[in-house]
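Engineer: Before anything else, here's the structure in question.
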Amino acid sequence: RVCSSNDTLAAARDIGKVVATASVRLGGDVLKFRPRVDTYVLNEHDWPHFTATQPYGLPNYYDRRLVMAGTPARFYGDLVALVAAHLGDGAMRELRDVYGAGVDLAPFFTLTAVHEWCHGVHTQWGGQFVRKWLTEQFASMCVQTYVEAYRPAQRAVLNTFPAVFARLPAALFEHHTLAEFEELYSGVGAAAYAWFQCQFHVVSRRVYAANGAAALVHLLHQLPKDTLLAEQLERRVSAP
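Just so we're aligned: the sequence shown equals residues 4 to 243 in my numbering.
Spelled out as structure tokens, the structure:
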């Protein structure tokens, strides 16, 4: 099911197609598991009525509900501004070559719907990752696999922004260690959260290049489905 605000119908159609393809091809053909997910593509006014996640434009998944922005989000511009301020003209040229003169990140974020859909996979699969960062690495590997296997023409759209944004110095962000991410998760702050996600994406690209879709399937099947076992691992495996 795809739901939208009155003024986000076109974006909802585009994002709905991405999610549907992920479900049929990635879920059905690769993972052999298709979660039940409702997709909401919203304007800024409707956003807080369907998700507690802020800021507007930060894609999120919770309780079978995938929420995406359907209108331009200030958050996207804030991320681009960080690149301009700290990485300079060369990095901005890289972004403009792919996302246009105005660096419109909407096509990139449309693809991240697959990342959020994949949170539906691991939560409904019945297993439990023992680290929050592993859930994000898994979801990042999902979207990488999706584009490589089914949308290769969109490789540059998917890969360019994360590769550039990941080059920002860690010291820009108050919370920038994996241990802090594990403790605070999205509480690290929106920009830092995006930076962490870009780091995960860079890793996912390398993993796919070395192992293809098999790495994604392997990681899913390593999920402990026994709640007690997951709790024991949570206690015994020290935070990175």
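Using N, Cα and C, we set each Cβ at its ideal position, and we do this for glycine too.
Can you tell me whether DSSP reads residue 72 as helix, strand or coil?
Structural biologist: Correct three-state label for residue 72: strand.
Engineer: The beta strand (DSSP E) with residue 113 in it runs from where to where?
Structural biologist: Residue 113 -> not in any beta strand (DSSP E); alpha helix (DSSP H) instead, spanning 109 to 128.
Engineer: Along the chain, where does the beta strand (DSSP E) that runs through residue 7 open and close?
Structural biologist: Start and end: 5 to 7.
Engineer: With DSSP collapsed to three states, give me the class of residue 100.
Structural biologist: Looking at residue 100 - three-state DSSP - the assignment turns out to be helix.
Engineer: Could you give the first and the last residue of the continuous beta strand (DSSP E) run that contains residue 42?
Structural biologist: Per DSSP, residue 42 belongs to the beta strand (DSSP E) from 41 to 45.
Engineer: Please classify residue 177 as buried or exposed, where buried requires at least 16 neighbouring CB atoms within 10 angstroms.
Structural biologist: Exposed, by the Cβ-count rule.
Engineer: How do the region 75 to 90 and the region 102 to 116 stand: do at least 3 beta-carbon pairs fall below 8 Å, yes or no?
Structural biologist: Flag = yes, the region 75 to 90 and the region 102 to 116 touch.
Engineer: So who's on the other strand from residue 64, going by DSSP bridges?
Structural biologist: According to DSSP, residue 64 bridges with 69.
Engineer: Going by the C-beta, is residue 220 closer than 8 Å to any heavy atom of the ligand ZN?
Structural biologist: The ligand ZN is not among the ligands present in this structure, which contains no ligands whatsoever.
Engineer: Go through its chain and collect everything with a Cβ distance to residue 64's Cβ below 7 Å, but skip five positions before and after it.
Structural biologist: Cβ within range, chain order: 119, 122, 123.
Engineer: What is the C-beta distance between residue 150 and residue 114, in whole angstroms, given that I count them as a contact (C-beta under 8 Å)?
Structural biologist: Yes, residue 150 and residue 114 are in contact; Cβ-Cβ is about 7 Å, under 8 Å.
Engineer: Quick one: Cα of residue 8 to Cα of residue 75, how far?
Structural biologist: The alpha-carbon atoms of residue 8 and residue 75 are separated by roughly 13 Å.
Engineer: For a cutoff of 9 Å on Cβ pairs, would you count residue 45 as touching chain C?
Structural biologist: Of the protein chains in this structure there is only one, and it is not chain C.
Engineer: Quick one: grab the DSSP three-state call for residue 153.
Structural biologist: In this structure, residue 153 counts as helix in the three-state DSSP scheme.
Engineer: Would you mind working out which of 14, 16, 30, 57 sits nearest residue 148, comparing C-alpha positions?
Structural biologist: Ranking the options by Cα distance to residue 148, first place goes to 30.
Engineer: Measure the Cβ-Cβ separation of residue 205 and residue 159 and say whether it is below 9 Å.
Structural biologist: No, they are not a contact pair.
Engineer: Spatial neighbours of residue 15 within its chain, please: CB distance less than 7 Å, with the 5 preceding and 5 following residues excluded, ordered by chain position.
Structural biologist: Correct list, in chain order: 5, 7, 44, 73.
Engineer: Which two residues bound the contiguous alpha helix (DSSP H) that contains residue 133?
Structural biologist: Where residue 133 is concerned, there is no enclosing alpha helix (DSSP H), given that its DSSP letter is neither H nor E.
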